[in-house]
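These notes concern the structure reproduced below.
Residue numbers (our numbering): 838 to 1473.
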C-alpha cells in the first residue's frame, strides 16, 4: 500500500440520553468492491479509498486538500475533487471523470459507491427551545446533539431571560434550524405557545441562502399543533413531528432526529456553496460529521456488546460520545447513545478557553518540568496566536499534552452532566430500590462499567508515542476497573459511519483493521477512604502462552506489562482491602484481554486521582510515572 500522506485535524463537541435508535442492518448489502468516502471539514477535506481484497475490505490510501466552501472557490466540490485527485496520484487510477466522481466503476477506474459527511461552514448550528430547561428543552438538546448539530443556545421559559432578550438572541445568532418542544401530549399548551410567539417575533433568518425561510421543527404537545401552525406557519418553514416527551417517563427522539437530518440536507446543505452538486454524486445522503461518528460508535457497541466512551478533540471543539446501558443495574437494559459538544474546548483556536475554564494551576499540575510560569503562559499564547502550528520542542509538547488532559477532564464533566436519566420522572419503587440511588436525573456514564475508550483528534491520534495518548486518556477521563484504550488512526470514523448505512460489513471491517489502533488495557482500582503512598493497592496474576507472572502494585504506582498486538492473556486483579476493580471492595476480577502497542497498564494512583500540592513533590511523582511507562524518553 502506498504511504499515507500526513493528516491535519480540523475542529471537533454537552448531550444526554436517548435509547439506542440505530437503523437495522441491511439484510443483503450490495456487492461493492471499490468505495470512495470523503469528509468535508471546516479547513480540510479528507478522502479515503476502500476496496475488497482477499475477501475483506481494507483501506487502500488517503488524500486530503483544503476545503473550498468559502471564497475564493465558494464550491465545496473543488476540495472534494482535489482530495480524490491525490488518491488518483497515489494509485495511478482514475476516479474523476467529467469533473465529477466517476461512478459506476469501469474496470480499474471509478468506484461502485461514493459516500460523504460534512462539518464545513461551521456544521449544523441549531437553537433549542422548550418549556422547562431541565426536561423538555434538555430532551430537545439530546435530539439535536445526537443528530450531529452544535447547539448554540437553549431557550426555556425558566432560563432567567426576558422575552426581548430571547428575541435578540435568536436574531443575533442566526441558527440554521430551531427545534421547539414542550409539554406532554394532552397537557397544557400555554407555555409552548408563548415560546412559539417569541420565535415568531424574532422573525429569524437562515445563515445560508436568500429568500428561504428558517426551518423550525415542532416536537411538542400534540394538542398545541394547530396553534403552532397559526403562529409559525407563515413566518418559518415549519415541520411538525412526534412529541419528544409524549409522557414524562418516555423520551421519543428518533422522529425529530430523522427530521433534523432531512432538513440539514434540504435547507442547510443545499444552500451552502457547491453542496447541491455534491449531493447528486453521493450514493446515500450526506451526513453531519458528528452524527456519522456517533453512528459508527453505536454500531461497534452493539456488535461487540460493550459500553463505549469516545472523544474527538479538535482545534475549536471537543465532542464526547458514549453508549451505556439505560439502567446500570440491569445487564439486559437497552443501550443509550449520548453526544455532547464542548464548543469552547479545543487545542488551537479555543486553547485559551481551556486555560480559562480549567484555571492555570490545574493545567500546570500536569507538567513534569520545573518551568517558570511566565514561560508556560507564553507558550500557550503562542499557540493561541498561531493555532495551526504543532509543537517543535519537548517543552511545547508536554505543555500541549497537559492542556489536552484538562480539556478531556472538562469535556467529560459536561458530558456526564448531560448524559442523564430522564428528569421529572416519578418512580414507584420498592423499599429495597429506595435504598439505591434514584435513576431520575442520574448520569448514565459509569466509568467502572466502561469497556472501551476511543480517542480521536490530532493531539491523541498523532502523539509522537502511543503511550502518551494512552496516559492522556487515563489522566483526563480516569476510567475505573478494566478498560481497553484505543485511538482512531487517521480520523476516518465519519466516513465509516455513513458507509455503515450502505454496507455495514465493509465499515466494520475497515474500522477494526485500519481505523482503530489498539493501545492495550488499563486496570485502575477505585479508592475508598484515605490511602497513603506505598500502601498495597492490588496485585495481578498474568497468564499468557509461555508466560505466568504476578505483579504487586503499591498505591501511587504505575506499571507497564508488555503484551503485543495480537497476543491474548488471562488477567486476574486482586484488590487490597478498600479497593475495587469492578467486583466490589476487595473482590477479585478476571478478564480475557488482548494486547496493543502499549500493552497492559497497571494504574495504582487511585480514583479519584489526586496530585501533591507541593510543586517539587508533584514534579518528582509525574517524572516517576513517565519513567515507568517510558512516556518521554528524551527527558528521562
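In this text, a Cβ means the ideal position worked out from N, Cα and C, and glycines have one as well. The model shown is predicted, which means the values in this text are computed figures rather than measured ones.
In the structure shown, residue 1460 falls within a helical segment according to DSSP collapsed to helix, strand and coil. If you check the CB distance, residue 1374 and residue 1391 come in under 7 Å. Going by DSSP, residue 916 is part of the alpha helix (DSSP H) stretching over 913 to 928. Contact between residue 901 and residue 884 is confirmed by a C-beta separation of about 7 Å, below the 8 Å threshold.
Bounds of the alpha helix (DSSP H) holding residue 1112 are 1112 to 1118. By the 16-neighbour rule on beta-carbons within 10 angstroms, residue 1252 is buried. No Cβ-Cβ contact shorter than 7 Å links residue 1038 with residue 1072.
Distance from the CA atom of residue 1419 to the CA atom of residue 940, rounded to whole angstroms, is 51 Å.
With the rule of 3 Cβ pairs closer than 8 Å, the region 1334 to 1345 does not count as touching the region 1355 to 1375. Residue 1416 and residue 1225 have their C-alpha atoms some 44 Å from each other.
Closest in C-alpha terms to residue 948, from the list 956, 954, 1142 and 925, comes 925. Between the beta-carbon of residue 953 and that of residue 1115 there is about 7 Å, and that keeps the pair under the 8 Å contact cut.
A distance below 6 Å between beta-carbons, with the five flanking residues on each side excluded, links residue 1176 to the following residues of its chain, in chain order: 852, 982, 983, 1131 and 1158. For residue 1175, the uninterrupted beta strand (DSSP E) run begins and ends at 1172 to 1179, by DSSP.
Assigned with DSSP and collapsed to three states, residue 1239 falls in helix.
By the neighbour-count definition (other C-beta atoms within 10 Å, threshold 16), residue 1247 is a buried residue. For residue 893, same chain residues with a beta-carbon under 8 Å away, outside a window of 5 residues either side, are 1346 and 1350 in chain order. Distances from the alpha-carbon of residue 1241 to those of 987, 1449, 1389 and 1200 put 1200 closest. In the three-state scheme derived from DSSP, where H, G and I count as helix and E and B as strand, residue 1147 is classed as strand.
Annotation: residue 1324 to residue 1164 spans about 28 Å, alpha carbon to alpha carbon. Around the CB of residue 1212, fewer than 16 other CB atoms lie within 10 Å, so the residue is classed as exposed. Take residue 1422, set aside five residues on each side of it, and the residues of its chain with a beta-carbon closer than 8 Å to its own are 1365, 1412, 1414, 1415 and 1416, in chain order. Using a 10 angstroms sphere on the CB of residue 919, the tally of other CB atoms reaches 16 or more, which defines it as buried. Straight through space, the alpha carbons of residue 1065 and residue 1353 are spaced by roughly 47 Å.
Taking the Cβ atoms as the reference, residue 1245 lies roughly 7 Å from residue 1150, within the contact range of under 8 Å.
Taking residue 1297 as the centre and dropping the five residues before and after it, the same chain places the C-beta of 1306 and 1324 closer than 6 Å to its C-beta, in chain order.
Annotation: residue 904 is outside any beta strand (DSSP E) and is labelled neither H nor E by DSSP. Bridge partners of residue 973 according to DSSP: none are assigned.
When C-beta atoms of the region 997 to 1014 are compared with those of the region 1133 to 1145, fewer than three pairs fall below 8 Å, so the two segments do not count as touching. Only buried fits residue 1339, as 16 or more other CB atoms lie within 10 angstroms of its CB.
889 is the residue among 889, 1465, 880 and 878 whose C-alpha sits nearest the C-alpha of residue 871. Apart from sequence neighbours up to five positions away, the residues of its chain that approach residue 1455 with a beta-carbon distance below 6 Å are 1448 and 1449, ordered along the chain.
For residue 1017, DSSP records a beta bridge to 966 and 1055. Annotation: residue 1279 is outside any beta strand (DSSP E) and is labelled neither H nor E by DSSP. Residue environment analysis places residue 1207 among the exposed positions, since fewer than 16 neighbouring C-beta atoms fall within 10 angstroms of its C-beta. Here residue 1153 is near residue 1187, since their CB atoms are less than 7 Å apart.
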